[in-house]
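To keep things clear, I will list the structure first and then write my remarks on it.
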Amino acid sequence: MINLLPPSYKEELQREEQFRIFATIAIALICGLLSFALILLSIRIYARGVVSNETFQISSMKTISKEGEQIKEEIKNRNATLSGLTSFYDHNTSAYSLMKEIEATLPSDVALTSFSFSSSATKEKEVQWRIALAGIAPTRESIHVVQENLKKNPNFAKVSFPSTTWTGPATNVAFNVTFEAKPIR
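Residue 1 is where the sequence shown starts when you use our numbering, and the numbers rise one by one after that.
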């Protein structure tokens, strides 16, 4: 094919072709830059989502940690309460058992008119009961039997009768006695 176009027209065609090539390259470059910008934008959005998620998880962990600390503190308080209750029940003694022990020391002809006791802890943390009895016995011999029985019992100590018990009338004797008892379970 023979090109019969004038040189000015040839130059113009060549410029148009160069312009098309330049426009194609420019459009490709712009599309590439736009794609790169969109990729960077999507990475930024993804990174913000990850950071937001991690921040939420950290705040959730802090909340859970605070709740865990509160639960731990509540457990400690309840354990302390239970320890106190356990200690109380370990040192708790049965008044019924004590009454049975005292009843075993009394002869059948002796009648009690008063019974009182108080509890106290010694320095060694051992609980002691202080007991006071009052009653009537037909004779001093019956009171002597009560005294001997109380002294023989290993759970009772420091048995003390006031002197008025031994110096009063010989029959229908009103007596008082105080002693200490170990806790009886």
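Think of the CB as a built atom: it goes at the ideal place given N, C-alpha and C, for glycine as much as any other residue.
Given the structure is predicted, the values throughout are model-derived calculations rather than measurements.
Look at Ile30 here: in three-state DSSP terms it is helix. Judged by DSSP in its simplified three-state form, Ile25 adopts helix. Excluding the 5 residues flanking it on each side, Ala170 has same chain C-beta neighbours closer than 7 Å at Thr139, Arg140, in chain order.
Each residue's CA atom was taken as its position, placing Ile58 and Ile64 some 10 Å apart.
Closest in C-alpha terms to Ala111, from the list Asn172, Ala80, Trp166, comes Asn172.
About 20 Å separates the CB atoms of Trp129 and Leu85; that is not less than 8 Å, and the two are not in contact. Judged by DSSP secondary structure, Val173 falls within the beta strand (DSSP E) whose first and last residues are 171–181. Annotation: Ser108 is outside any beta strand (DSSP E) and is labelled neither H nor E by DSSP. If you compare the alpha carbons of Ser52, Leu4, Ser114 with that of Ile136, the shortest gap goes to Ser114.
Annotation for Thr178: Ala132, Ser160 place their beta carbon closer than 6 Å to its own, counting only its chain and skipping 5 residues before and after. Of the residues His144, Asn155, Lys182, Pro154, the one whose Cα lies closest to the Cα of Asn176 is His144.
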